[in-house]
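Under our numbering, residues 11 to 46 are what the sequence shown spells out, in order.
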Amino acid sequence: MTLFQAIAAVGLFFGAYYGLIYLVVVVFMGQGKRGV
């Protein structure tokens with residue numbers, strides 16, 4: 011169970027990390043299209 015929890019924690023961490031990067035990229039691209 012410990013190994014499973016470690017894998018789940020790492021997966022959740024990378025999921026949130028890439029999700030945040032994706033959100034930032036979308037926001038910056040949106041601002042660029044608006045000419046801000």
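Beta carbons: idealized from backbone N, C-alpha and C, even for Gly.
In this structure, the straight-line span from the alpha carbon of Ile17 to that of Val36 is close to 28 angstroms. Judged by DSSP in its simplified three-state form, Met11 adopts coil rather than helix or strand. A direct Cα-to-Cα measurement between Tyr27 and Gln41 gives close to 21 angstroms.
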